[in-house]
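Colleague:
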C-alpha cells in the first residue's frame, strides 16, 4: 500500500512537472517563433476583422499605395473595452497598388495587386530584447509579394519606426482611420 | 396492441406535418422579413469578411465617399469556389465621408463618419415578385445614418440600379475592387 501511494505521488509529481514545462513552452503567438521570428498570418482576409484603409495615391510619395488593415476579432473586442492593444494583438497592413478610373459615380480609386505586407505584433513583456525587430512594445515585420514567407526587416528602428513617429502617442498605430472603434 | 400502433402512427404523422411546416416557415435569411423587408446586419464589422474599398474623393461626384464592402465569410468561400454569389449572400457597403491630410507618407485619405449603407441580398428564387425592392436577382436596400433600422429605398430600379448598370455583366456588383477573390 505504501509503495502504491508512493507511485501515485511520483506520477502526480511527474505530471505537474510535465504540465508546467508544456506551459512555459507554449508559444506566445501562433505567428511568432521561439526567437521572435514573425510570420505573415494566412487567413486574415476571410476570418479577421477589417480595421480601415489609408490611401496614398501619389506614386512618388514614400507611402504610396492602398493600405488595408486587419486584426484578430478578439483584438477589436479587447480594444473597444480597454482602449489599448492587448498582448498578442496582430496588425496586418496590406499595401496594394492604387488603381483608378472615371466611373459613373465619379473618379474612383480602389486597391490593385499586392506589393508588401507590414505586420505588427503587440508584446507587453519585452520578450525578445536581443531581436532587433522587437521594441517599443511591438514586433515589426515586412513581407514582400515576391516571398510572403520571409520577413525582410532586419532592424525595426531602421526599417519601420520612421513612418510611425507621428502616431507615437497612440502606441505607434494610426488609429484615426480605424472606423470599427 | 392495435390501438397502440395507431397512436404511434398518428404521432409520427403529426410529427412529420410539424417538421415540414416548420421547414417551410424557416426564413430565407436572418436579414429578410416575410415580405422581403431587408434589415441592416449588425455585427458585420467584426465578424464578416471585408471585400474591398472604393474611394470617390470628389465631394460633388454622385458617388462621393469612402465605400467599404463586407460579406459573410461563407459567401467568400462559395464565390471563390463557383465564381458566383450564392443564394442568401449579403453585401453591405458602407459609405463614409472621405477625410484627408498631408502626412509623412504623402497625401493620404481615409474613411470618416458614416453617411449611408447600401445592402444587397442575393435571391436566386425570385421570392418577392411584388416587392419593388427586389429584382434582377437581388434585394436592394438603403439605410441612412440617422435611422439604421429603416430601409428608405422604395423602388430599387429608381433608387439603386442606375449606379450598377456598368457592373451588369458581373451580376450588378463591382467585383474589380474586391481583392479577396
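Residue numbers (the numbering used here), protein chains in the order written: chain G, 1371 to 1551; chain H, 1371 to 1551.
All C-beta atoms, glycine included, are put in the ideal place defined by N, C-alpha and C.
What whole-angstrom Cβ distance do residue 1491 of chain H and residue 1508 of chain H have, given they're in contact under 8 Å?
Modeller: The pair is a contact, with the Cβ atoms about 6 Å apart (cut-off 8 Å).
Colleague: Check the Cβ of residue 1490 of chain H against every Cβ in chain G and list those closer than 7 Å, keeping chain order.
Modeller: Those within 7 Å of residue 1490 of chain H in chain G number zero; the least Cβ separation is about 16 Å.
Colleague: For residue 1417 of chain G, decide whether its Cβ has a neighbour in chain H, counting only Cβ atoms nearer than 8 Å.
Modeller: By this cut-off, residue 1417 of chain G is an interface position.
Colleague: With three or more C-beta pairs closer than 8 Å as the rule, is the stretch 1438–1445 of chain G touching the stretch 1468–1476 of chain G?
Modeller: Segments in contact, no.
Colleague: Alpha carbon to alpha carbon, how far is residue 1399 of chain H from residue 1515 of chain G? Give it in angstroms, no decimals.
Modeller: The straight-line gap from Cα to Cα measures roughly 38 Å.
Colleague: Closer than 8 Å, Cβ to any Cβ of chain G: which residues of the stretch 1439–1451 of chain H, in chain order?
Modeller: Residues 1440, 1443, 1446, 1447.
Colleague: Go through the stretch 1522–1547 of chain H residue by residue and report every complete run of the alpha helix (DSSP H) that reaches 4 residues or more, in order.
Modeller: The qualifying runs are 1526–1529, 1531–1534.
Colleague: Mapping the DSSP letters down to three states, classify residue 1448 of chain G as helix, strand or coil.
Modeller: Note: residue 1448 of chain G maps to helix in three-state DSSP.
Colleague: Just the chain H side, please: which residues come within less than 8 Å of residue 1428 of chain G by C-beta, in chain order?
Modeller: In chain order: 1476, 1477.
Colleague: Whose Cβ in chain H lies nearer than 8 Å to the Cβ of residue 1459 of chain G?
Modeller: Within chain H, no residue comes near residue 1459 of chain G; the closest Cβ sits about 14 Å away, beyond 8 Å.
Colleague: Under the rule that 16 or more other beta-carbon atoms within 10 Å means buried, what is residue 1453 of chain H, buried or exposed?
Modeller: Answer is exposed; the Cβ neighbour count stays below 16.
Colleague: Restricting to runs no shorter than 3 residues, where is the beta strand (DSSP E) found entirely within the stretch 1466–1507 of chain H?
Modeller: If we require 3 residues or more, the beta strand (DSSP E) runs fully inside the stretch 1466–1507 of chain H come out as 1476–1492.
Colleague: Check whether the Cβ atoms of residue 1423 of chain G and residue 1437 of chain G sit closer than 8 Å, and answer yes or no.
Modeller: Yes; because the gap between Cβ atoms is below 8 Å, this pair is in contact.
Colleague: Once DSSP output is grouped into helix, strand and coil, what is the label at residue 1416 of chain G?
Modeller: Reduced to three states, the DSSP call for residue 1416 of chain G is helix.
Colleague: From what residue to what residue does the beta strand (DSSP E) around residue 1435 of chain H run?
Modeller: Element bounds for residue 1435 of chain H: 1435–1441.
Colleague: For residue 1549 of chain G, go through chain H and note every residue whose CB falls closer than 7 Å to its CB, in chain order.
Modeller: Within 7 Å Cβ-Cβ: 1466, 1481.
Colleague: Could you please give me the residues that DSSP links to residue 1421 of chain G through a beta bridge?
Modeller: DSSP output for residue 1421 of chain G lists no bridge partner at all.
Colleague: Since I believe residue 1487 of chain H is in contact with residue 1455 of chain H (beta carbons under 8 Å), could you give me their beta-carbon distance rounded to a whole number of angstroms?
Modeller: The Cβ separation is near 18 Å, so there is no contact.
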